[in-house]
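Everything on this sheet refers to the single structure shown next.
Protein chains: 2
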Amino acid sequence: VRDIEIAGVGMTAFGKHEDRTLESLGAEAVRAALADAGIDGDRLDAAYVGNVLGGGQAGSRVLVLEGITGIPILNVEAACATGSAALREAMHAIQLGVADVVLVLGVEKLTGLFQGGIDLGRTDRESALGLTVPATYALTASRHMAQHGTTAEQLAAVTVKNRRHGSRNPRAMFIDTPGIDDVLGSPAIADPLTLLQCCPNADGAAAAVLTATGAVKRRSRRAVRVLASELVSGTSSRRQVDITRGDVSRRAAARAYAAAHIGPEDIDVAEVHDPFSIGEVVSTEALGLCPRGQGGDFAASGASALGGRLPVNPSGGLLSKGHPLGATGVAQVAELTWQLRGEAGGRQVHAPRYGLAHTVGGGVAALDAVASVVTILAGEA
Amino acid sequence: VRDIEIAGVGMTAFGKHEDRTLESLGAEAVRAALADAGIDGDRLDAAYVGNVLGGGQAGSRVLVLEGITGIPILNVEAACATGSAALREAMHAIQLGVADVVLVLGVEKLTGLFQGGIDLGRTDRESALGLTVPATYALTASRHMAQHGTTAEQLAAVTVKNRRHGSRNPRAMFIDTPGIDDVLGSPAIADPLTLLQCCPNADGAAAAVLTATGAVKRRSRRAVRVLASELVSGTSSRRQVDITRGDVSRRAAARAYAAAHIGPEDIDVAEVHDPFSIGEVVSTEALGLCPRGQGGDFAASGASALGGRLPVNPSGGLLSKGHPLGATGVAQVAELTWQLRGEAGGRQVHAPRYGLAHTVGGGVAALDAVASVVTILAGEA
């Protein structure tokens with residue numbers, strides 16, 4: 001099986017881009033990734049494009065603007081794991097040898113989409129009765145507190161940490177740095193989760209150029225390789241015996257560690273899906289980055305902060321950057337690429353060797369269907 | 382590279398299923414394909430699901446009903462080529478060795494979706510001004526008539542042939558057999574295309590189980606292999622120098638023939654994208670199944686009818702079956718599988734060895750972005 005390198009990455013600022021189209025956001029990220037890789041669009045053999053709510057053919061609609069046409073362009077969707085799943089298909093195409101240079105694009109324009117409110121009830125009775133995404137995470141938080149003694153302050157510490165990281169990321173939506181009291185004092189969304197513990201909708205795009213090693217002259221001083229990317233689907237956590245286990249993420253992580261021939265103890269930096277504060281708590285445990293039940297302390301102790309034992313979400317995570325669904329997973333990989341190259345500026349983790357990216361989620365119209373992707377990258381020692 | 386077999390196929394009847402959900406239609410096709418393959422759902426290593434307008438996570442929403450969870454489930458979209466593109470990703474996963482037994486599902490529920498009319502103008506100015514899908518095909522027909530002497534009667538003969546084929550297909554939407562005068566006398570939709578030359582929207586699902594050769598004990602007397610499946614994207618035919626050339630299909634076919642190591646002269650049966658009568662005319666030429674400019678005569682002469690030199694659309698095509706977007710490409714492969722096994726009943730082509738499936742199209746919100754997939758299957762001599 002051929003080695004996969006990330007030749008270039010790029011992303012737009014995430015946020016409310018009221019005056020921009022999906023196509024324009026996507027094209028900006030594509031141009032940035034191609035420039036970073038030092039290649040023109042005509043070098044691409046294929047493109048895999050992650051988009052959730054853009055209405056079909058998102059990839060071609062973006063790429064035709066950049067004159068990129070005539071190649072296989074496939075749109076993929078796996079809820080919040082959409083962008084990560086696109087990267088996995090690109091990796092497979094290169095490993096199989098049907099392509100040498102492949103573009104991965106994640107793009108989403110959410111602003112303006114939910115003017116009439118989100119239609120939750122069409123296919124899911126429990127959602128119509130109130131068991132929405134925030135409510136499901138709130139139940140998870142309550143249970144985690146009861147079961148493991150996690151405190152409201154520990155949950156809030158996730159936001160405080162990630163917003164502090166995000167303040168150093170020029171592409172993040174939020175740059176201010178609320179404290180514990182600010183987080184706990186913000187309006188209740190679904191008890192015990194407050195507003196600042198919920199990520200905002202956002203618009204944005206992120207792109208990466210994946211290549212077979214040697215297919216493109218390397219521009220970066222340090223190579224970044226994709227060691228593994230694993231997708232697992234499952235039913236919602238509310239169907240599990242224990243809602244706090246993060247079972248789908250746990251299985252995706254087990255597969256990814258096995259494929260990469262490393263373990264969680266080898267990870268130096270991680271981008272972990274944090275749509276809500278409790279999400280990072282549950283997922284850092286499910287990924288094996290901290291012991292079961294200690295995800296709250298992992299954040300509150302500073303262990304997962306920049307300068308700590310294992311920095312989590314140095315980009316600021318979804319809580320700082322916002323969550324343009326299809327773009328999120330690719331943006332994580334862009335961040336890890338910058339980190340592994342030593343190009344992350346004021347939020348640089350000290351000399352990381354291995355990075356892990358993780359997404360998990362269910363669609364609005366299908367809360368019971370969950371997908372998770374875990375991707376493991378390696379820099380040079 | 383590993384050989385790929387089609388271990389089983391299944392599909393629902395296509396048509397207006399007002400009282401059925403997308404999930405129910407998909408599950409019926411999955412059960413049929415698994416039964417045909419003689420395996421349970423727990424034998425599946427992965428699933429690729431084609432759906433265009435179902436609102437996200439279509440695959441997991443269907444498969445959870447059948448207790449199929451915990452595996453990678455990825456939704457893909459490429460306009461009218463969606464189902465075919467799902468099959469291609471499944472083939473890649475098996476060829477790469479990351480899976481041995483993979484489900485391909487195409488599913489679409491269109492009834493009830495366009496109550497307020499189709500919103501054409503949101504991202505495409507030309508569509509808003511009237512250059513819709515039927516209008517684009519109508520321009521193609523007019524140009525083909527002027528350039529190649531194709532007649533209105535020859536165009537109508539495509540419908541007459543396919544509806545006659547479809548009358549022998551219990552899963553087709555239409556079973557009556559209009560004559561040339563009926564077709565030409567039906568209401569004008571976009572001159573010169575009349576109502577009976579336009580395929581109807583439909584609901585339905587089709588599924589196939591792909592396996593590495595030997596991974597599953599073969600139940601069918603005759604093996605059916607996937608020799609090649611190629612996806613090419615491009616800009617709309619209205620951007621081409623010659624609107625009648627079918628350039629995107631032409632490139633996909635060239636790649637597929639090269640990968641399969643056969644040529645168009647080897648094809649014994651074909652399922653060709655016929656959303657409009659002129660579509661089959663242009664595409665049979667682009668696929669090399671008949672000479673350039675002679676697609677009208679190819680249909681009107683009987684050469685592409687059952688009993689003719691090269692039967693095209695023995696299933697009845699989209700003109701008889703209807704066009705449930707994501708399901709269409711998988712249904713073509715189901716038909717070819719039955720044909721290559723000699724199980725197509727009253728519409729059986731005589732002892733076919735090689736079959737070709739072809740889809741091409743652009744999304745409603747992105748007419749300028751076109752995708753085409755050509756898939757080549759082989760039966761046993």
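Taken in sequence, the protein lines are chains A and B.
Numbering follows my numbering, in which position 284 of the first sequence is assigned residue number 284; successive positions increment by one, without gaps.
Numbering follows my numbering, in which position 103 of the second sequence is assigned residue number 484; successive positions increment by one, without gaps.
We treat Cβ as the ideally placed atom computed from N, Cα and C, and that holds for glycine.
In the structure shown, HIS148 (chain A) adopts helical secondary structure according to DSSP, grouped into three states. Short of 6 Å from the beta carbon of MET173 (chain A), and not among the five residues preceding or following it, lie these beta carbons of its own chain, in chain order: PHE14, GLY15, ALA202, LYS321 and GLY322. For the stretch 433-448 of chain B, the beta-carbon criterion of a distance under 7 Å to any beta-carbon of chain A is satisfied by VAL433, GLY436, GLY437, GLN438, SER441, ARG442 and VAL445. Counting C-beta pairs closer than 8 Å gives three or more between the stretch 203-218 of chain A and the stretch 29-39 of chain A, which meets the contact rule. Contact annotation: the stretch 250-265 of chain A touches the stretch 220-228 of chain A, with at least three C-beta pairs closer than 8 Å. Contact holds between the stretch 75-95 of chain A and the stretch 326-337 of chain A, because three or more Cβ pairs, one in each stretch, are under 8 Å apart. For the pair ALA752 (chain B) and LEU65 (chain A), the Cα-to-Cα distance works out to about 16 Å.
The DSSP assignment places complete beta strand (DSSP E) segments of no fewer than 3 residues inside the stretch 440-474 of chain B at 454-458, in order along the chain. The DSSP-derived three-state label of HIS17 (chain A) is coil. The stretch 576-639 of chain B is shown to contain whole beta strand (DSSP E) runs of 3 or more residues at 585-593 and 606-616, in chain order. Contact annotation for ALA85 (chain A) against chain B: PRO453, LEU455 and ASN456 [CB-CB distance below 9 Å, chain order]. Not a single CB atom of chain B sits nearer than 7 Å to the CB of SER24 (chain A).
A check of alpha carbon separations from PRO324 (chain A) across A:ILE73, A:THR111, A:GLN57 and A:ALA99 identifies A:THR111 as the nearest. In this structure, GLY26 (chain A) lies near ALA205 (chain A), with their beta-carbon atoms less than 7 Å apart. For LEU310 (chain A), there is no enclosing beta strand (DSSP E), as DSSP marks it with neither H nor E. According to DSSP, VAL374 (chain A) shares a beta bridge with A:GLU230 and A:HIS358. Among the residues facing chain A, ALA750 (chain B) is included, as its CB has a counterpart in that chain under 7 Å away. The alpha-carbon of THR625 (chain B) is positioned some 11 Å away from that of THR517 (chain B). Counting only unbroken stretches of 4 or more residues, the alpha helix (DSSP H) elements lying wholly within the stretch 658-716 of chain B are 658-667, 676-681 and 698-702, in sequence order. Its chain contains MET472, ILE475, GLN476, LEU591, THR592, ALA593, THR594, ARG606 and VAL607 as the residues whose beta carbon lies nearer than 8 Å to that of ILE385 (chain B), once the 5 sequence neighbours on both sides are disregarded; these appear in chain order. Counting along the chain, the unbroken alpha helix (DSSP H) around GLY26 (chain A) starts and ends at 22-37. At least one CB of chain B lies nearer than 7 Å to the CB of GLN95 (chain A).
Under the Cβ criterion (8 Å, minimum of three pairs), the stretch 143-163 of chain A counts as touching the stretch 275-283 of chain A. Taking HIS17 (chain A) as reference, the option from A:GLU28, A:GLY8 and A:VAL9 with the minimal CA-CA separation is A:GLU28. For MET173 (chain A), DSSP assigns no beta-bridge partner whatsoever.
For the stretch 13-41 of chain A, the beta-carbon criterion of a distance under 7 Å to any beta-carbon of chain B is satisfied by none of its residues. Taken through DSSP and simplified to helix, strand or coil, LEU574 (chain B) comes out as strand.
Contact annotation: LEU22 (chain A) and VAL107 (chain A) have beta-carbon atoms nearer than 7 Å. Residues LEU536, PRO573, LEU574 and ILE659 of the same chain have their beta carbon placed closer than 7 Å to that of ALA522 (chain B), with the five preceding and five following residues left out of the count.
What LEU612 (chain B) touches in chain A, judged by beta-carbon distance under 7 Å, is PRO72 and LEU74, going in chain order. If you ignore the 5 residues before and after ALA327 (chain A), its C-beta comes within less than 7 Å of the C-beta of GLY83, GLY106, VAL107, GLU108, GLY204, ALA205 and ALA206, all in its own chain and listed in chain order. Between the alpha carbons of LEU670 (chain B) and ASP655 (chain B) lies a distance of about 14 Å. Cα atoms of ALA725 (chain B) and ARG552 (chain B): separation of roughly 12 Å, rounded to the nearest angstrom. THR151 (chain A) is outside the set of residues whose beta carbon lies under 7 Å from a beta carbon in chain B. Here DSSP, grouped into helix, strand and coil, assigns GLY391 (chain B) to strand. CA-CA distance, VAL272 (chain A) to GLY179 (chain A), rounds to 21 Å.
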